[in-house]
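Residue numbers (our numbering), protein chains in the order written: chain A, 5 to 178; chain B, 5 to 178; chain C, 5 to 178; chain D, 5 to 178.
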């Protein structure tokens with residue numbers, strides 16, 4: 005079972021990546037070694053030579069292979085302007101269709117500094133994943149006011165950790 | 005009244021841009037000179053030095069000024085993976101908040117080769133525009149099977165032109 | 005200008021109705037006399053003789069006339085199962101189309117005991133109002149943890165009153 | 005494996021119910037005996053004594069028991085005003101929470117006389133099912149222009165039958 009955590013922003017120093025590393029460790033404690041796909045690492049020519057370009061630059065090939073080899077995805081989604089980061093959708097738009105996602109499994113965890121917790125973002129992204137043929141676990145933790153509860157790589161809000169754990173367990177079992 | 009048509013994909017040779025030019029001409033016949041903001045023209049360093057970067061590269065300044073100066077936006081939205089193009093959201097994410105959109109007016113026209121006509125895409129994007137403080141005209145033309153009806157820069161489906169005209173009229177009047 | 009506040013649940017003793025009365029008073033202080041349409045008062049035979057029935061029972065005629073005569077609607081929407089109350093959609097389904105809503109103006113205020121504040125509910129209902137031809141004000145207050153902040157008919161959270169006031173002002177000006 | 009098809013409108017003589025019977029027969033050919041829950045059969049006092057009432061009238065008990073005993077649901081959803089029928093949401097609002105749906109499986113099939121095929125309706129309802137803890141199959145057939153393709157209880161569009169079959173197979177396998 006090949007699981008990939010997708011840190012869905014390319015913003016540097018993001019809470020999203022920090023949380024992805026925290027979640028990778030939660031998987032490790034369950035005896036599972038999972039990788040992080042950090043959208044900061046999209047190739048430098050992603051915008052000019054990959055996205056909506058045919059043929060695509062070879063620079064994207066490693067990421068495509070990682071996605072193709074993944075069975076289950078966990079998307080960590082920050083709220084940007086009441087939806088997901090644009091770069092997450094651009095990443096999806098650049099991937100091979102349908103082999104990248106069809107028949108696979110997925111989950112989502114949302115975070116925000118405000119009180120929405122990326123709930124509309126996850127609603128939007130679920131439509132996309134659904135269209136792509138991904139079966140989703142029903143739990144979608146909304147980690148609101150994230151800055152108050154998660155810092156220095158540590159979760160200081162036990163209920164958030166419990167919600168995340170439940171999503172991991174559902175994803176592993178699906 | 006400063007109106008901007010946004011051609012919301014960076015794909016080269018897109019039907020979306022072709023349709024944007026057609027719609028610009030419809031505005032012209034109403035005596036209005038409107039500009040097209042073509043997302044193909046986002047700067048080459050958009051992904052590496054503008055999006056989610058602070059400070060942003062100066063390369064984006066012209067586009068930011070055009071947006072800031074716009075009163076009413078008409079977004080021409082193709083359907084990519086059951087939503088809007090990722091680059092449209094990235095463009096929005098890169099703009100100054102809240103001055104780029106708050107208190108402004110907007111409209112959307114959707115197109116697709118299939119039969120959805122970007123309806124879910126427009127639902128998603130309306131949540132974003134709403135959050136940004138844009139008042140939207142209610143009509144949202146869904147131009148389905150676009151390739152059969154619009155080619156060589158000409159609309160061959162009269163009802164589509166009528167739907168588009170209604171949206172233009174609503175946007176002008178709002 | 006004929007404004008109607010719609011209290012969108014038929015639950016007895018609802019916070020939604022209590023809030024609707026509070027908001028009616030805010031309108032009054034602005035010198036506007038607005039009415040409340042309380043969905044508790046749908047006719048007793050609504051389900052068996054009105055909804056999806058043709059011809060409809062006469063019992064619905066008074067409500068239909070009130071809606072037809074309204075220029076601007078303010079929907080007060082509680083969150084039930086991550087969306088709007090089913091009865092709100094049934095009410096909409098029973099009204100004459102398109103004259104009930106086309107060309108009119110609207111606004112939404114969401115409330116919940118939890119932290120979502122009916123945000124997804126308002127996203128869903130905006131798709132419906134949009135389809136019906138209603139132009140919506142962009143602000144959509146999310147009144148979260150409502151029970152802690154609004155009781156005994158009084159708002160104890162000043163920022164909530166400010167958000168509501170802004171929506172009223174936008175609706176009046178639209 | 006206890007499967008229930010939910011015919012999600014209470015409109016009499018609906019295409020939705022006719023399609024539900026057709027789909028029940030498709031299940032039968034796969035050797036599965038599934039039941040139809042027809043929302044026409046909600047009790048007469050549903051609106052006045054069940055919905056948002058506590059305690060509920062006993063008239064709803066049979067339906068609640070059928071739902072509680074169901075493992076997998078297939079919702080047949082017609083498009084009413086760019087969303088699902090209000091009565092479907094009212095039905096959900098009246099059911100016990102969380103035992104009615106949590107941990108169960110589900111699928112959706114949309115139909116419309118127009119070209120949307122209840123796509124936005126299914127997007128909305130997926131948010132609700134997700135919240136309730138239902139794992140959904142990714143395929144969501146959009147049966148557009150249904151009146152042209154399905155009549156006299158027979159499907160005259162082979163591709164529609166194939167799409168439906170795929171959803172049944174996914175639901176059985178989930």
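Glycine residues also receive a C-beta, built at the ideal position from the N, C-alpha and C atoms.
Original post:
Mind listing which residues of the region 79-111 of chain A have their C-beta closer than 7 Å to chain D's C-betas, in chain order?
Top reply: Across the region 79-111 of chain A, no CB contact with chain D closer than 7 Å is found for any residue.
Original post:
How many angstroms separate the CA atom of residue 174 of chain D from the CA atom of residue 30 of chain D?
Top reply: Computed Cα separation, rounded: 14 Å.
Original post:
First and last residue of the alpha helix (DSSP H) that includes residue 70 of chain B?
Top reply: Unbroken alpha helix (DSSP H) run through residue 70 of chain B: 65-73.
**OP:** Find the residues of chain D that neighbour residue 136 of chain C, judging by a C-beta separation of less than 9 Å, and give them in chain order.
**Re:** Simply 85 and 86.
Subject >> For residue 144 of chain C and residue 87 of chain D, the rounded distance between their alpha carbons >> reply: About 20 Å.
Subject >> Identity of the residue in B:52, B:165 and B:35 nearest residue 91 of chain A by Cα >> reply: If we check each option's Cα against that of residue 91 of chain A, B:52 comes out closest.
Subject >> C-beta neighbour in chain C for residue 115 of chain B, strict 9 Å >> reply: Not closer than 9 Å to any Cβ of chain C, the Cβ of residue 115 of chain B fails to qualify, so no.
**OP:** Go ahead and label residue 56 of chain D buried or exposed: buried means 16 or more other beta carbons lie within 10 angstroms of its beta carbon, across all protein chains shown.
**Re:** By the Cβ-count criterion, residue 56 of chain D is buried, with 16 or more other Cβ atoms from all chains shown falling within 10 Å of its own Cβ.
Subject >> Contact residues within the region 12-43 of chain D, judged by C-beta distance below 7 Å to chain C >> reply: Hits within the stretch, in order: 13, 14 and 15.
Original post:
Excluding five sequence neighbours on each side, which residues of the same chain lie with their C-beta closer than 6 Å to the C-beta of residue 54 of chain C?
Top reply: These residues qualify, in order along the chain: 60, 61, 64 and 98.
Original post:
Does residue 55 of chain C get closer than 9 Å to chain D when you measure Cβ to Cβ?
Top reply: Chain D has a Cβ within less than 9 Å of the Cβ of residue 55 of chain C.
Original post:
Applying a beta-carbon distance threshold of less than 8 Å, which residues of chain C neighbour residue 141 of chain B?
Top reply: By Cβ distance, chain C contributes 139.
Original post:
Within the 9 Å Cβ cut-off, does residue 131 of chain B reach chain C?
Top reply: At least one C-beta of chain C is nearer than 9 Å to the C-beta of residue 131 of chain B.
Subject >> As assigned by DSSP and simplified to three states, the class of residue 13 of chain C >> reply: Residue state, collapsed to three classes: coil.
**OP:** Determine the direct distance from the alpha carbon of residue 78 of chain A to that of residue 110 of chain C, and round the result to whole angstroms.
**Re:** Taking the straight line joining both Cα atoms gives about 38 Å.
Subject >> Within 9 Å, strictly: CB atoms of residue 67 of chain B and residue 20 of chain B >> reply: For residue 67 of chain B and residue 20 of chain B, no; Cβs fall outside 9 Å.
Original post:
What residues in its chain sit with their C-beta under 7 Å from that of residue 3 of chain C, if we drop five residues either side in the sequence?
Top reply: Outside the displayed range of chain C (5 to 178) lies residue 3 of chain C, so it cannot be described from this structure.
Subject >> Runs of beta strand (DSSP E) lying entirely within the region 19-49 of chain D, each at least 3 residues, in chain order >> reply: For the region 19-49 of chain D, whole beta strand (DSSP E) runs of length 3 or above, ordered along the chain, are 39-42.
Subject >> Residue from A:93, A:17, A:124 and A:102 with nearest C-alpha to residue 146 of chain C >> reply: Measuring from the Cα of residue 146 of chain C, the nearest candidate turns out to be A:124.
Subject >> Exposed unless 16 or more other CB atoms sit within 10 angstroms - verdict on residue 15 of chain C >> reply: Residue 15 of chain C counts as buried, since no fewer than 16 other beta carbons sit within 10 angstroms of its beta carbon.
Original post:
Using the beta-carbon count (16 or more within 10 Å), is residue 163 of chain B buried or exposed?
Top reply: It counts as exposed.
Original post:
With distances taken from CA atoms, which of C:26, C:6, C:10 and C:9 is nearest residue 160 of chain C?
Top reply: Nearest of C:26, C:6, C:10 and C:9 to residue 160 of chain C, Cα basis: C:26.
Subject >> Helix, strand or coil at residue 101 of chain C according to DSSP, with G and I counted as helix >> reply: Per DSSP, reduced to three states, the secondary structure at residue 101 of chain C is coil, with no helix or strand assignment.
Subject >> Beta-bridge partners of residue 109 of chain C, as assigned by DSSP >> reply: The partner list for residue 109 of chain C (beta bridge, DSSP) reads C:76 and C:139.
**OP:** Go ahead and pull the three-state DSSP assignment for residue 144 of chain B.
**Re:** Of the three classes helix, strand and coil, the one that applies to residue 144 of chain B here is coil, per DSSP.
Subject >> Beta-carbon separation (whole angstroms), residue 7 of chain C vs residue 36 of chain C, contact threshold 8 Å >> reply: Confirmed, Cβ separation roughly 7 Å.
Subject >> Range of the contiguous alpha helix (DSSP H) that encloses residue 122 of chain D >> reply: Looking at the DSSP string, residue 122 of chain D is not in any alpha helix (DSSP H), and its letter there is neither H nor E.
Original post:
To the nearest whole angstrom, what separates the beta carbons of residue 115 of chain B and residue 150 of chain B, a pair I think is in contact under 8 Å?
Top reply: Going by Cβ atoms, the distance from residue 115 of chain B to residue 150 of chain B rounds to 4 Å, so yes, they are a contact pair.
Original post:
Per DSSP, residue 158 of chain C is paired with what?
Top reply: According to DSSP, residue 158 of chain C bridges with C:155.
Subject >> Simplified DSSP assignment, three categories, for residue 172 of chain C >> reply: The answer is helix: DSSP assigns residue 172 of chain C an H, G or I state.
**OP:** Using beta-carbon positions only, say whether residue 75 of chain C and residue 108 of chain C come within less than 9 Å of one another.
**Re:** In contact: residue 75 of chain C and residue 108 of chain C (Cβ atoms closer than 9 Å).
Original post:
What's the call for residue 152 of chain D, buried or exposed, on a 16-neighbour Cβ count within 10 Å?
Top reply: Exposed is the call here.
**OP:** Would you kindly check if the distance between the Cβ of residue 46 of chain D and the Cβ of residue 12 of chain D is under 9 Å?
**Re:** Cβ distance not < 9 Å, so residue 12 of chain D and residue 46 of chain D don't count as in contact.
Original post:
Helix, strand or coil for residue 56 of chain C per DSSP?
Top reply: Of the three classes helix, strand and coil, the one that applies to residue 56 of chain C here is coil, per DSSP.
**OP:** Rank A:83, A:85, A:101 and A:84 by C-alpha distance to the C-alpha of residue 85 of chain B and give the top, closest one.
**Re:** Residue 85 of chain B has its Cα closest to that of A:101, out of A:83, A:85, A:101 and A:84.
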